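Input: a single structure, listed below in structure tokens.
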Amino acid sequence: MPPKVDSKTSESDKEIQDTKLSILIAKREAIFGIMQNVFDLSREPDVHTNVEKREHFLDESSQIDSLRLKYESIVDDYNTRLLNLNSDAKPDYKSLYAFETLYNRVKRTHTKCSTLNTTPEIHNATSALLKAKPKLAPISILEFDGDIKSFQMFYTTFKSVVDNNPSLTDAEKLFYLLPKLTGKAKSAIAGISPCAENYQLILQTLVNRFDDKRMLTSAYLHELFRYKGFQTPSATNFEDFIDRFAGAVSALKNLKLDNLADLIILHIATQRVDTESVRAFEIKCGKNIPTFDDFVEFITTRAKVFERTNTNVTNPSNTRHNKNIKHLNNGTSGNAPKYQAYISTVDKPTSKCLCRNITHAHLYKCVDFNKLLTPQERFKCVKEKNACVNCLSIKHKVGQCEVSPHCSCGQKHNKRLHFDQREEHSRAPQLNTVMPPPNAPTVTASSPVADDRADVALCATRVSPSTSATQVYNSNLMNRVEDKRTTVLLATAQVAVYDCNGERQVIRILLDSASQADFLSKECCDRLGLQTKFTERTIVKGFGGIEKVVQSSSVDLTFYSRFDDNVSFNISPLVVDKVTDKLPTAVIDTAV
Numbered sequence: 001m002p003p004k005v006d007s008k009t010s011e012s013d014k015e016i017q018d019t020k021l022s023i024l025i026a027k028r029e030a031i032f033g034i035m036q037n038v039f040d041l042s043r044e045p046d047v048h049t050n051v052e053k054r055e056h057f058l059d060e061s062s063q064i065d066s067l068r069l070k071y072e073s074i075v076d077d078y079n080t081r082l083l084n085l086n087s088d089a090k091p092d093y094k095s096l097y098a099f100e101t102l103y104n105r106v107k108r109t110h111t112k113c114s115t116l117n118t119t120p121e122i123h124n125a126t127s128a129l130l131k132a133k134p135k136l137a138p139i140s141i142l143e144f145d146g147d148i149k150s151f152q153m154f155y156t157t158f159k160s161v162v163d164n165n166p167s168l169t170d171a172e173k174l175f176y177l178l179p180k181l182t183g184k185a186k187s188a189i190a191g192i193s194p195c196a197e198n199y200q201l202i203l204q205t206l207v208n209r210f211d212d213k214r215m216l217t218s219a220y221l222h223e224l225f226r227y228k229g230f231q232t233p234s235a236t237n238f239e240d241f242i243d244r245f246a247g248a249v250s251a252l253k254n255l256k257l258d259n260l261a262d263l264i265i266l267h268i269a270t271q272r273v274d275t276e277s278v279r280a281f282e283i284k285c286g287k288n289i290p291t292f293d294d295f296v297e298f299i300t301t302r303a304k305v306f307e308r309t310n311t312n313v314t315n316p317s318n319t320r321h322n323k324n325i326k327h328l329n330n331g332t333s334g335n336a337p338k339y340q341a342y343i344s345t346v347d348k349p350t351s352k353c354l355c356r357n358i359t360h361a362h363l364y365k366c367v368d369f370n371k372l373l374t375p376q377e378r379f380k381c382v383k384e385k386n387a388c389v390n391c392l393s394i395k396h397k398v399g400q401c402e403v404s405p406h407c408s409c410g411q412k413h414n415k416r417l418h419f420d421q422r423e424e425h426s427r428a429p430q431l432n433t434v435m436p437p438p439n440a441p442t443v444t445a446s447s448p449v450a451d452d453r454a455d456v457a458l459c460a461t462r463v464s465p466s467t468s469a470t471q472v473y474n475s476n477l478m479n480r481v482e483d484k485r486t487t488v489l490l491a492t493a494q495v496a497v498y499d500c501n502g503e504r505q506v507i508r509i510l511l512d513s514a515s516q517a518d519f520l521s522k523e524c525c526d527r528l529g530l531q532t533k534f535t536e537r538t539i540v541k542g543f544g545g546i547e548k549v550v551q552s553s554s555v556d557l558t559f560y561s562r563f564d565d566n567v568s569f570n571i572s573p574l575v576v577d578k579v580t581d582k583l584p585t586a587v588i589d590t591a592v
């Protein structure tokens, strides 16, 4: 059926339309013939082994991709032209299917032959490269324990050595990463399954947790202001200055902060306000690095809020988390706060030997001491002088004595103080010729330390006198205790604290239920490296109404149970030069 032609179309137009269709058919058959020829070359049995045939095939098949595109375009143009001439005609793409079959076979053979041509060159180049490349020692990756100041060094090393290595898979990268994480860093990813699919998540979690410029800046500024300097020139002091102070300055500069001076002023300002306000300001800023103007604006807003809510703002040192601290003066805001602290102590007498002009370090060197005839008299003299019953030194007690026992009985006392137990019982005084009742406590003399031990009062409860024999016995025993100087054993405990470096330390605390404030010695504060805060003038009131003005500072301290870190207490003690003397003042016999 002849194609339909518009009645208005001229005869020349009909010839042009038929000519275009014929040209498209001729081009299609020509390109198909070229592909058929290349296909026949690919079917040669020795095309892969015969270099000449392989090269000829590669030359003929070098343009197969462009031939394919041209063939598809011609087929599309042919079908379009056919539909324009005859709307009832059906598009025909069977020839394209046949062409694709030939193209796929030729393409596969072309790829294989190309590989055979380039493989020897690549192999030779790779061998030469391996011979020229020196063998390097294995690189050791730094460990990371969660210290934010060392994260950048760890992350940079790991990124360049492991993460950017294209020859390693995610599983292999994770294999290198996990053993290098300890402490807080390991805890930060404890909830993520260690598999290859989570490698990027684990690495990003570490970056989000420890790559914090704001935190780094605060840590380095704390290091600068905590450095106390030195007054004695020495190589050690100079090196310490370079490591701590100069190192912190270099680290701050490496952060490349635009407003470093402003951050230093901001750091000083945050040390002069209460902890709760600083914490609220940090929550507001987040990871953004604030300025001093931001802090002033925050404090101004906070002041207005307190004024509008009509809240009485008190000194932060008086409203800490410590529940034992109470205000004594609530009437006048200008008066200094008063605390009451009660600590039981006994004045330590000056120990000296029996000589008047010479003081011997050990009683056995004293002539007058050697004149004492009986062990009981010598033991009484030792106890009166608060000397050591083992080596007879007046410089320490038996609890601190490191000398091995001298007595033949094996007990820790000097041989000059040994006396027979039967002899001691025979000379025991009668207590008003009244025998104690059967259930009354008995005093044994198994050792000189336990025999005349009246310098320690564990607990004493007075009972009104009566005429019974038991009460007479207890009264005489109480008089015997009161005749001697006593030491009251105060309740103490050992607790765990963490210093500025995160290391666990054990300190001893004195438990005083009558005290309304907490105190910390300056020596303990320095040992823990705690950051002190200025506290207004404080009055400490003790026995007899004696008041002492303390120009002190305070710290925020958290202590834990030595057996369970989940049990903890937060206090804000005042830092003083000295809490009390060494207690107890007398040797304590643990057998009593």
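The sequence shown maps to residues 1 to 592 in UniProt numbering. Where is the CB? At the ideal position from N, CA and C, for every residue including glycine. Computed from a predicted model, the values in this text were never measured in an experiment.
The beta carbon of isoleucine 509 sits closer than 7 Å to the beta carbons of Thr492, Ala493, Val495 from its chain, once the five residues preceding and following it are set aside; these are given in chain order.
In chain order, Asn79 place their CB closer than 6 Å to the CB of proline 91, counting only its own chain and leaving out the 5 sequence neighbours on each side. With a threshold of 16 other beta carbon atoms within 10 Å, tyrosine 220 meets it and is buried. The bridge partners DSSP lists for threonine 492 are Leu510. When Cβ pairs closer than 8 Å are counted between the two stretches, the stretch 200–220 is seen not to touch the stretch 228–245, the count staying below three.
Between serine 73 and phenylalanine 57, the CB-CB gap reaches or exceeds 8 Å. Judged by beta-carbon spacing, serine 553 lies within the 8 Å limit of threonine 535, meaning their Cβ atoms are closer than that value.
Counting only residues of its own chain and dropping the five nearest sequence neighbours on each side, glutamate 172 has no CB closer than 8 Å to any other CB. Secondary structure of leucine 520 (DSSP, three-state): strand. Residues Val398, Cys401, Val403, Pro405, His406, Lys412, His413, Asn414 of the same chain have their beta carbon placed closer than 8 Å to that of asparagine 390, with the five preceding and five following residues left out of the count.
In this structure, DSSP gives phenylalanine 563 a state outside helix and strand, which the three-state scheme calls coil. Cα atoms of alanine 303 and alanine 280: separation of roughly 13 Å, rounded to the nearest angstrom. Residues Leu266, Ala269, Thr270, Phe281 of the same chain have their beta carbon placed closer than 8 Å to that of phenylalanine 295, with the five preceding and five following residues left out of the count. Our two residues, alanine 26 and valine 75, have alpha carbons roughly 11 Å apart in a direct line. The straight-line gap separating the alpha-carbon atoms of glutamate 197 and asparagine 164 is approximately 17 Å. Between the stretch 101–113 and the stretch 141–158 there are fewer than three C-beta pairs closer than 8 Å, too few to call the two in contact. Residue state for asparagine 570 is assigned as strand, using DSSP reduced to three classes.
Judged by beta-carbon spacing, proline 573 lies beyond the 8 Å limit of valine 550, meaning their Cβ atoms are not closer than that value. Glutamine 271 has no beta-bridge partner at all, per DSSP.
In summary, isoleucine 394 is buried, with 16 or more beta-carbon neighbours lying within 10 Å of its beta-carbon over all protein chains present. Uninterrupted beta strand (DSSP E) stretches at least 3 residues long and entirely within the stretch 17–86 do not occur. Here threonine 532 really is in contact with valine 575; their C-beta atoms are around 6 Å apart, less than 8 Å. Burial check for arginine 378: the Cβ neighbour count within 10 Å reaches 16 or more, so the residue is buried. By the CB criterion at 8 Å, threonine 217 and leucine 252 fall inside the cutoff. Distances from the CA of glutamine 200 to each of His222, Phe225, Lys228, Thr169 were compared; the closest alpha carbon is that of Thr169. DSSP lists Thr538 as the beta-bridge partner residues of valine 550. In the three-state scheme derived from DSSP, where H, G and I count as helix and E and B as strand, serine 393 is classed as strand.
Around the Cβ of cysteine 525, a 10 Å sphere holds 16 or more other Cβ atoms; the residue is buried. Taking every protein chain shown into account, the CB of arginine 416 has 16 or more other CB atoms within 10 angstroms, so this residue is buried.
Taking the Cα of phenylalanine 245 as reference, the smallest distance to any Cα among Asp258, Gly229, Asn259, Pro233 is reached at Gly229.
One Cα belongs to glycine 542, the other to leucine 489, and the distance between them is close to 19 Å. With a 10 Å radius around the Cβ and a threshold of 16 neighbouring Cβ atoms, tyrosine 93 comes out exposed. Of the residues Gln505, Val579, Glu307, the one whose Cα lies closest to the Cα of leucine 530 is Gln505. For phenylalanine 419, the secondary structure class from DSSP, reduced to helix, strand or coil, is coil. Lysine 53 places its beta carbon 8 Å or farther from that of glutamate 60. Annotated three-state conformation of phenylalanine 238 is helix, per DSSP.
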